[in-house]
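Residue numbering for the sequence shown follows our numbering, starting at 1 and increasing by one per position.
In this text, a Cβ means the ideal position worked out from N, Cα and C, and glycines have one as well.
All figures in this text were calculated on a predicted structure; none of them were measured in a lab.
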Amino acid sequence: MVNPGYKAGIKQHTKAERLAWAWKGAQKNAVERRLNPMQAVIEARKLSESLGDKLAAKQINRKDVGVYLVFAEQGDLGKLAGTPVLFKSQDPSADSSDLTTVRDHFKHVPIGYLVAVLNRKGKKFIVHARPLRLEDSALRLLESLVTETSKLKDWRVN
Numbered sequence: 001m002v003n004p005g006y007k008a009g010i011k012q013h014t015k016a017e018r019l020a021w022a023w024k025g026a027q028k029n030a031v032e033r034r035l036n037p038m039q040a041v042i043e044a045r046k047l048s049e050s051l052g053d054k055l056a057a058k059q060i061n062r063k064d065v066g067v068y069l070v071f072a073e074q075g076d077l078g079k080l081a082g083t084p085v086l087f088k089s090q091d092p093s094a095d096s097s098d099l100t101t102v103r104d105h106f107k108h109v110p111i112g113y114l115v116a117v118l119n120r121k122g123k124k125f126i127v128h129a130r131p132l133r134l135e136d137s138a139l140r141l142l143e144s145l146v147t148e149t150s151k152l153k154d155w156r157v158n
């Protein structure tokens, strides 16, 4: 027997949408983690691989998920330091790009991750933030990036 609420609500969405919203998690459960750039890069790589594996298990292309690591300036956690760094699942140049990221952001503070899942049927990104730092300025920066990324319309995928 299928729950009528399921049929009326969540069943109307694609698999990618259902997975992305399930991964979002609860904001109240957020725990502050003060990672250095190397630790944040390792965590971003693990997160990217984990989410890619979960998509593949549901017969969705693992390239449809991207994890962005967001860095802020040392003295001002509300100021973006460069552009967010993209981590893709099964990236063949992962080791060298990870080392480059650590080198380029050695003096910056990792404030969180943006997880973007592409919903091919709806032609939009489903994006949410996973904060590392819970200061107001860092959270506002992450939320503004989520809003900007969610509005992307001109995207190309393989």
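Identified DSSP bridge partners for residue i
{"i": "H105", "result": "According to DSSP, H105 bridges with nothing at all."}
{"i": "A116", "result": "G66 and V127"}
Identity of the residue in the options nearest residue i by Cα
{"i": "G75", "options": "R33, E135 and A57", "result": "E135"}
{"i": "N61", "options": "K88, R133, L77 and P37", "result": "K88"}
{"i": "E73", "options": "T100, E49, D104 and Q59", "result": "D104"}
{"i": "L145", "options": "L132, H128 and R133", "result": "H128"}
{"i": "K160", "options": "L99, P92 and D64", "result": "Since the displayed the chain opens at 1 and closes at 158, residue 160 lies outside it and no answer follows."}
Distance between beta carbons of residue j and residue i, contact taken as under 8 Å
{"i": "V67", "j": "L51", "result": "7 Å"}
{"i": "L77", "j": "A138", "result": "4 Å"}
{"i": "M38", "j": "V85", "result": "About 13 Å; that fails the 8 Å criterion."}
Environment of residue i [buried if 16+ CB atoms lie within 10 Å]
{"i": "K46", "result": "exposed"}
{"i": "E148", "result": "exposed"}
{"i": "I42", "result": "exposed"}
{"i": "A57", "result": "exposed"}
{"i": "L141", "result": "buried"}
{"i": "T100", "result": "exposed"}
{"i": "N119", "result": "buried"}
{"i": "G82", "result": "exposed"}
{"i": "F106", "result": "exposed"}
{"i": "E32", "result": "exposed"}
Tell me the start and end of each unbroken beta strand (DSSP E) in the stretch 43 to 109 that is at least 3 residues and wholly inside, in chain order. Whole beta strand (DSSP E) segments, 3+ residues: 65 to 72 and 85 to 88.
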